[in-house]
Each structure stands twice: as C-alpha cells, then as structure tokens.
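First the structure, in the form of structure tokens, and then the observations on it.
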Amino acid sequence: MSQESLDDTIKFRAGPLKEAANELDAVHLGGINISELGREGLTEMLRRAMTDDDKIAIYERYSAGDISEDAARVLLGEEFDLLQEDTEAFREATETDTSDYLV
Amino acid sequence: MAGGDTRYPILVDTDTLIAVANSSLWTQITEHVGLTTTNVCKQELERHAEETRETAPEGSRPYRLHHGSRAALAALADDDTPLTQVTSVPRPHGADAGEESLRQEVVQNPEAIDYVILMDAAGRRSIRRAVDDQDEDIRVVTPPFLFYILYDNDLISRREFCEACGELLEREGWTGYKAVKAAWEGIPIDCSDILDDNLLP
Chain A
1 MSQESLDDTI
11 KFRAGPLKEA
21 ANELDAVHLG
31 GINISELGRE
41 GLTEMLRRAM
51 TDDDKIAIYE
61 RYSAGDISED
71 AARVLLGEEF
81 DLLQEDTEAF
91 REATETDTSD
101 YLV
Chain B
104 MAGGDTRYPI
114 LVDTDTLIAV
124 ANSSLWTQIT
134 EHVGLTTTNV
144 CKQELERHAE
154 ETRETAPEGS
164 RPYRLHHGSR
174 AALAALADDD
184 TPLTQVTSVP
194 RPHGADAGEE
204 SLRQEVVQNP
214 EAIDYVILMD
224 AAGRRSIRRA
234 VDDQDEDIRV
244 VTPPFLFYIL
254 YDNDLISRRE
264 FCEACGELLE
274 REGWTGYKAV
284 KAAWEGIPID
294 CSDILDDNLL
304 P
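As you go down the protein sequences, you meet chains A and B in turn. The letter at position 99 of the first sequence is residue 99 when you use the working numbering, and the numbering goes up by one with no holes. One rule links them: number in the working numbering = place in the second sequence (from 1) + 103.
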C-alpha cells in the first residue's frame with residue numbers, strides 16, 4: 001500500500017469503541033496500536049462482507065483500470081496473487097507443443 | 104480405463120474431472136486427450152455419485168456432482184477411453200485426500216508428469232510449491248487448459264472454446280471465474296463476440 005493512502009483517514013462515530021480502545025491501550029502491557037488495529041480490523045471486515053459475486057466485480061473493475069491494485073489487494077488478499085500465478089502458469093503452458101498430449 | 108499400465112502425463116483431480124465431464128466438450132476430451140487421475144479421486148467420484156440424487160434439480164450443484172461424477176466414472180471404466188488411474192500409496196484420507204493424492208504423485212513420480220490440473224486455486228499453489236521444492240519442470244494449471252489443447256490442435260473452434268469457458272464461469276462462480284480469467288489473461292483469446300455481456304467484463 002502506498003504512503004499516500006496510509007495518510008488518508010476514515011472517520012466514523014467511535015463513541016464506546018474509542019473508550020474501549022483507550023481502556024485496552026491503558027491496561028495492556030506495552031499498550032496497543034489503535035490505528036494498526038483499526039486498519040487490520042477494517043480490512044478483515046471488508047473481506048468478510050464480500051460475496052463471491054463482489055469478488056468477481058472487484059477484479060473486473062481492477063482489470064478495467066477503475067480501481068488501484070492496492071485497493072484490489074486489500075479486498076482480495078491472497079486470491080489476487082493466486083490469480084496472477086495462474087495466469088503466468090497458463091501462459092507458459094500454452095508455449096509448449098500441446099499436440100504431444102493427444103492420443 | 105486405458106489398457107495395461109498406460110499412464111498419461113496430464114494428472115487431473117476430482118473437481119476438474121467433474122467440471123469437464125459436465126462441459127459441452129467432454130466427448131472431444133475423452134476422444135482425444137490422455138488423462139491420468141488417482142484411485143483416491145476415483146473414490147471421491149464414487150462417493151459423489153452415491154451421495155447425490157440422480158433426480159436433483161437440473162443445474163444444481165448436487166445434479167452436477169452426480170452426473171459429472173458418473174460420466175467421469177464411465178470413462179474410467181471404458182477401455183477405449185484415454186482416462187486412466189494410478190494408485191496412491193499410502194492412501195491419503197480426509198477432505199483434501201484427492202488433492203493430497205495428486206501432490207503425492209508429483210513427489211513420487213515426477214518424471215511421469217508434465218501437467219497437473221486442479222479446480223481449487225489454493226490446491227494449485229500447494230502443488231506448485233511441491234514441484235518447486237523438487238526442482239521439477241511440471242506445470243500446474245487451471246481446467247480450461249484441457250479446452251485449450253483441443254482448440255490449439257484445431258479440434259474445436261474458438262466459439263466452442265469460449266462457450267466451454269462460459270459454462271465453467273457460470274457453474275463454478277468465483278472458483279471458475281479465477282480459472283477462466285487466468286486462461287484468458289494467459290492466452291489472449293477474445294470471447295467478447297461470443298459470450299453474453301454478463302459473463303464478460
């Protein structure tokens with residue numbers, strides 16, 4: 001993820017969430033990184049909220065250049081890399097003489 | 104099953120067999136392309152055929168599991184069809200036994216294998232790692248590669264290739280999408296004039 005996007009903020013009404021986070025920060029040995037937890041928590045919840053159809057739509061939007069690779073990676077995680085691996089493997093496979101596999 | 108000890112250099116898993124057995128290209132595949140699977144995958148096919156009803160609603164997942172498994176088992180039982188099985192020793196157990204049996208084959212008989220085809224993306228990565236660990240030249244690819252072999256050898260038209268990919272996309276959801284997308288990006292065959300817009304970006 002680029003530094004620029006890390007500097008962006010998302011605002012929501014935290015209320016008791018903020019109080020809870022501050023309390024944990026106070027009692028936990030060494031404190032907690034609330035910003036880091038917030039980023040990880042949101043990433044996890046975004047992924048959990050996605051249906052398979054959403055994943056297809058997100059990858060299509062990435063392919064069309066409508067969303068960044070960083071955003072696509074946040075949403076698709078490891079699945080994004082698996083797709084790239086499979087594409088490369090398929091390309092290599094088609095460079096061989098496939099007539100060898102006919103009977 | 105092909106006669107004697109014939110084994111073919113393309114190793115396929117249970118879900119690949121079911122997916123291609125449900126495709127419009129199954130007849131051409133069983134006529135022209137040599138495939139090997141494992142006894143463990145065969146047992147998974149038998150279990151799917153037993154546990155799902157023949158009368159499940161057409162197009163449903165149980166329907167596809169039942170009829171796809173039966174078609175694959177029939178090809179395995181037919182001596183004239185180039186689909187054979189090898190015995191996996193020791194026989195793996197559990198939910199991923201089929202995939203594990205392919206991984207075992209890659210480790211034990213790498214010289215006999217050129218391609219491994221699996222439907223599951225995480226399974227492909229796992230076997231790719233097993234191949235890398237052994238420094239072998241085995242490629243691990245998605246099921247549309249079988250359609251591509253037919254297309255590449257002029258046994259089917261571009262239309263038939265695209266339509267078979269479209270069927271896979273519709274049936275397998277995100278799993279099929281990943282497989283077909285990887286194929287389209289790996290080999291730029293344009294299917295936009297053939298498939299409905301809802302199957303294409």
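Note that CB positions come from ideal geometry on N, CA and C, so glycine has one too. Predicted model, so just to flag it, every value in this text is computed and none were measured.
DSSP links Tyr218(B) through a beta bridge to Ile113(B) and Arg242(B). Only those residues of the region 55–66 of chain A whose C-beta falls short of 8 Å from the nearest C-beta of chain B are listed: Lys55, Ile56, Tyr59, Glu60, Ser63 and Ala64. Relative to the Cα of Tyr62(A), the nearest Cα in the group His28(A), Gln84(A), Leu42(A) and Val27(A) belongs to Gln84(A).
By the criterion of a C-beta distance shorter than 8 Å, Tyr166(B) is surrounded in its chain by Thr155, Ala159 and Pro160, once the five residues flanking it on both sides are discounted. Burial is judged here by how many other beta carbons sit within 10 angstroms of a residue's own beta carbon; Arg13(A) has fewer than 16 and is exposed. Chain A has no Cβ within less than 8 Å of the Cβ of Trp129(B). Judged by beta-carbon spacing, Ile113(B) lies within the 8 Å limit of Tyr218(B), meaning their Cβ atoms are closer than that value.
Each residue's CA atom was taken as its position, placing Glu79(A) and Ile241(B) some 22 Å apart. If you check the CB distance, Glu266(B) and Ile297(B) come in under 8 Å.
Of the candidates Thr190(B), Tyr251(B) and Leu179(B), the residue whose Cα lies closest to the Cα of Pro291(B) is Tyr251(B).
Here Leu258(B) carries a coil assignment [DSSP, helix/strand/coil].
Within the region 224–246 of chain B, contact with chain A at the beta-carbon level (separation under 8 Å) is assigned to Ala224, Ala225, Arg227, Arg228, Arg231, Arg242, Val243, Val244 and Thr245. Between Ser204(B) and Pro195(B), the CB-CB gap stays under 8 Å.
If you draw a straight line from the Cα of Arg39(A) to the Cα of Thr9(A), it comes to about 10 Å.
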